[in-house]
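Student: One gets my numbering by counting positions in the sequence shown from 1 and adding 487 to each.
Dumping the structure here so I can ask a few things about it.
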Amino acid sequence: MLNGLCAYILPIQTPVPHLLQSNMAPTEPEVFTVREAIMAVEAELKSAIADRVLGAAADITAFKKDTQHKLDLIAQFVVEQTAILSVVGRLPVELLQEIFIHTLTPQLGKRYNASLSRSLLPWSLSQVCQRWRNTALSTSALWRQLPQINFQGKTGHTGNYDLEFITELLKRSHGMSIDIHIVGDFTLHYSHPTLDLLICHSDRWRDLTMEIASESFDFWKIKGRLASLERLTLIDFSSEEFDDIGVGLTNDVFVIAPRLYDVYVEEPNQKILLPSNQILHFSQKVGHVGQVPHIFSSNLGLRTLELEDILVETLLPDTTLPNLVSLKIDFAWAASHDLFFDSITLPALESLNIASYNGDLLRTITSLIKRSGSSHALKNLTLESDFILSGQLATLLQLTPVLKNLYINLPPVDDLWALSSHQIDRVLVPLLERCHFSTASQTEVTEETCQALNALAESRCEAHELLPGATPKPWRSLSVSFVTQPTPYHLQLEGWAETKVSQRLETLSDELAMLLPQLSDYNRSSRRTLTQLSWKDKVIPVLNEIKNVKVERVSDLVISAIYDKIDRLSTMFPNDHASCEYSRIARRIIEDWDAVLESGIKDVRWVLSRWDLAYLSKNSEMRSTKSAADIIFRPSRVVFDSSELS
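Shown next as structure tokens:
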């Protein structure tokens, strides 16, 4: 009987042996044949077992053993044939190409420090099977992003590997525009086969990053040959002995680049001429603002401007930029922002981000907004200045009725009260959604400041019955960042104070940290033999004493800073570890404390995360979706975002 079963369905021959262990796509007739074979084998097996199982009672064990062997062979056959029918193996080439392109690490839109490395090139896609290899090699977009090419220390007689490597990538990109990143401490008239090859393809450059010295490279070789260039990044790393080599010179290599719209320059030693009426985004890091007037006068369509660590020593010419929607400037320490802003008009400005440490920034920005008439356009305002006079912020915000996001140094108390006013005719920034204050290193948050912040939070973050002209919606977030440990301010804002319970917990917390230093945030690397009986005799009594402290207030756990240590200990040792008793006691302590937290979370108004304090409104979604312990003590576990808190 067993032999009969074997002869009935075995051996099994695949109808398409040439497709086994291959990623070749089957034809439609082959797909039909494979499906029929799978169905036939499965049906025959069921029939054979049904016909013979009744006669196998005399030797059922042998029957089961032999039948299992047949089932294993059948299963292997089905798996092999099903693999031939895999959807992935039958995808159209066009769809497979699109999938391959989506595997690339996104590079376009990022600057030089995110340039592609050789390890990120899609080599593996061409190593799977012949079909994938053919598809990958025919997908030009996979090979258009060349990795960084570093010529530092290379003479014209070295780097043949680079030449062969780049030649192959240029071949695979099939004439498509390419992204390149060149680094080199070139001497004047420097030549290298790989560099010469790249220059021959300069009409294909789409995204160009060059880290070189201003006068070290023969720019003229690419002048007029930049038909595809869209984004340009120039970083000048001239050594100190050549710092002045390009000063006063003009570089016109990029003035003819019909598609160029995005430019970033860093520490420029030359004036770089750019195409007229086509630059939309310009950024400069470090240096003098001298490059900017040329950009203004020749590119009135400019939409974004970013300047970092910029010096301004002379008044800029009067300029109106009708299309500029985003301006971000970080002035150098001694720079005067007045020289920049007093002559500029920005009627379409939507986002303004300014850091200045010299002079009255708020007065200057107030004048800018008045002059520009951009009150009904500005939605995002970030100002960093150590100098804010009482009433200045309120005056400025009267000019920004559609503002949605405000980030600024903590203003005087009068301005906080002005922001929190319930009077209909004095509601400032009625559409504001997020408000963030930062404190300077010497700022002292007084009791009056805390009172004003609490009043601001209550009036602008909580839901109130709306009156005509009142704030339409509660703020999504209100937060304050500190440069020093914010715990004391947290206690002030909550109105919490030390108790005998918090003091006792703090003492026990210190004792536990002495015994188990790895519980401390600053001693995670410490190691101590925890399995010695004498040491257990010291640790367990401390844990039991902690467990016996009657905790009834959330504030006692926050002030004592003990919760994190016990929480860490609760998961430190598995049940089969010699010190597992520590973790078991800690888990019981956490269970007791979590009950206190859940009952007390309704009264918590401010949440501490690293250096920030954020307001937790009564209707915050976090109150219903996160545990009290996560909200109060584990903000990183709830992916802390102050926008969730109000």
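Every residue, glycine too, gets a C-beta built ideally from N, C-alpha and C.
Here the structure is a predicted model, which means the values were calculated and not measured.
Reducing DSSP to helix, strand and coil, say where residue 793 ends up.
Tutor: It is a strand residue.
Student: What does the Cβ neighbour count give for residue 696, buried or exposed, with the cut at 16 atoms within 10 Å?
Tutor: Flag for residue 696 reads buried.
Student: Under DSSP, the beta strand (DSSP E) around residue 922 begins and ends at which residues?
Tutor: Where residue 922 is concerned, the enclosing beta strand (DSSP E) stretches over 921-925.
Student: Using only alpha-carbon positions, find the residue among 871, 873, 631 and 824 that is nearest to residue 854.
Tutor: Answer by Cα proximity: 824.
Student: Taking the beta carbon of residue 519 as the centre, do at least 16 other beta carbons fall within 10 Å, making it buried, or is it exposed?
Tutor: Exposed, by the Cβ-count rule.
Student: Taking a contact to mean a Cβ-Cβ separation below 7 Å, would you say residue 832 touches residue 790 in this structure?
Tutor: Going by C-beta atoms, residue 832 is not nearer than 7 Å to residue 790.
Student: The alpha helix (DSSP H) that contains residue 686, what's its start and end?
Tutor: 680-687 is the extent of the alpha helix (DSSP H) around residue 686.
Student: Counting Cβ pairs closer than 8 Å, one from the segment 917-925 and one from the segment 1060-1079, do we hit at least three?
Tutor: Because the criterion of three Cβ pairs below 8 Å is not met, the segment 917-925 and the segment 1060-1079 do not touch.
Student: Pick from 864, 685 and 895: whose alpha carbon is nearest that of residue 879?
Tutor: Nearest C-alpha to residue 879: 895.
Student: Considering just the uninterrupted stretch of the beta strand (DSSP E) at residue 1063, what are its terminal residues?
Tutor: Where residue 1063 is concerned, there is no enclosing beta strand (DSSP E), given that its DSSP letter is neither H nor E.
Student: Per DSSP, what are the beta-bridge partners of residue 1101 in this structure?
Tutor: Its beta-bridge partners are 966 and 1094.
Student: Tell me whether residue 1108 is buried or exposed, calling it buried when 16 or more other Cβ atoms sit within 10 Å of its Cβ.
Tutor: By the neighbour-count rule (16 or more Cβ atoms within 10 Å), residue 1108 is not buried but exposed.
Student: Verify the CB distance criterion: does residue 801 have a CB-CB separation below 7 Å to chain B?
Tutor: Among the chains of the structure shown, chain B does not appear; only one protein chain is present.
Student: As a quick exercise: from 777, 783 and 753, pick the residue whose alpha carbon is nearest that of residue 767.
Tutor: Answer by Cα proximity: 783.
Student: Can you check whether the CB of residue 872 is closer than 7 Å to the CB of residue 838?
Tutor: No.
Student: Can you name the start and end residues of the alpha helix (DSSP H) that residue 784 belongs to?
Tutor: Looking at the DSSP string, the run of the alpha helix (DSSP H) that includes residue 784 is 778-785.
Student: What residue does the beta strand (DSSP E) around residue 998 start on, and which one ends it?
Tutor: Element bounds for residue 998: not the beta strand (DSSP E) but the alpha helix (DSSP H), 987-1002.
Student: Note down, in chain order, each residue of its chain lying with its Cβ closer than 7 Å to the Cβ of residue 883, except the 5 sequence neighbours on either side.
Tutor: Closer than 7 Å at the Cβ level, and outside the excluded window around residue 883, lie 849, 852 and 853.
Student: Starting from residue 1115 and walking both ways along the alpha helix (DSSP H), at which residues does that stretch end?
Tutor: From DSSP, the alpha helix (DSSP H) with residue 1115 extends over 1115-1120.
Student: Residue 882 lies in the alpha helix (DSSP H); which residues open and close that run?
Tutor: Taken as a continuous stretch (DSSP letters only), the alpha helix (DSSP H) holding residue 882 covers 879-884.
Student: What first and last residue would you give for the beta strand (DSSP E) that runs through residue 820?
Tutor: That residue, residue 820, is in no beta strand (DSSP E); it is neither H nor E in DSSP.
Student: Taking the C-alpha atoms as reference points, what is the distance between residue 877 and residue 1097?
Tutor: Distance between the alpha carbons of residue 877 and residue 1097: 29 Å.
Student: Classify residue 577 as helix, strand or coil using the three-state DSSP reduction.
Tutor: In this structure, residue 577 counts as helix in the three-state DSSP scheme.
Student: Check the C-beta distance from residue 683 over to residue 633 and give it rounded, since I have them as a contact under 8 Å.
Tutor: Their Cβ separation, rounded to whole angstroms, is 15 Å, which puts residue 683 and residue 633 out of contact at 8 Å.
Student: In the DSSP assignment, what are the bridge partners of residue 770?
Tutor: For residue 770, which the question treats as bridged, DSSP gives the partners 751 and 793.
Student: For residue 625, count neighbouring C-beta atoms within 10 Å of its own C-beta (all shown protein chains included) and say buried if the count is 16 or more, exposed if not.
Tutor: Counting Cβ neighbours within 10 Å, residue 625 comes out exposed, since fewer than 16 surround it.
Student: With contact counted as at least three CB pairs below 8 Å, one residue from each stretch, are the segment 705-723 and the segment 684-692 in contact?
Tutor: Yes, the segment 705-723 is in contact with the segment 684-692.
Student: Would DSSP call residue 901 helix, strand or coil?
Tutor: Helix, per DSSP.
Student: Taking just the CA atoms, how far does residue 513 sit from residue 524?
Tutor: Whole-angstrom Cα-Cα distance: 14 Å.
Student: Suppose you measure from the CA of residue 1091 to the CA of residue 719; what does that come to, to the nearest Å?
Tutor: Taking the straight line joining both Cα atoms gives about 51 Å.
Student: Within a Cβ cutoff of 7 Å, which residues of the same chain sit near residue 996, ignoring the five residues on either side of it in sequence?
Tutor: Counting only Cβ-Cβ distances below 7 Å, and skipping sequence neighbours, we find 1047, 1048, 1049 and 1052.
Student: Can you give me the start and stop residues for the beta strand (DSSP E) that residue 840 sits inside?
Tutor: 838-842 is the span of the beta strand (DSSP E), which, as asked, contains residue 840.
Student: Output yes or no for whether 7 Å exceeds the beta carbon distance between residue 758 and residue 737.
Tutor: It is a contact, given that the beta carbons lie within the stated cut-off.
Student: Of all the options 635, 661 and 1103, which has the alpha carbon lying nearest to the alpha carbon of residue 681?
Tutor: Considering only alpha carbons, the answer is 635.
Student: I need the DSSP call for residue 1125, collapsed to helix, strand or coil.
Tutor: Residue placement at residue 1125 is poorly supported in this model, since its pLDDT is 42, which falls under 50; the coordinates still yield a value, given next. DSSP places residue 1125 in helix when its eight states are reduced to three.
Student: Secondary structure at residue 625, three-state DSSP: helix, strand or coil?
Tutor: Coil at residue 625, not helix or strand.
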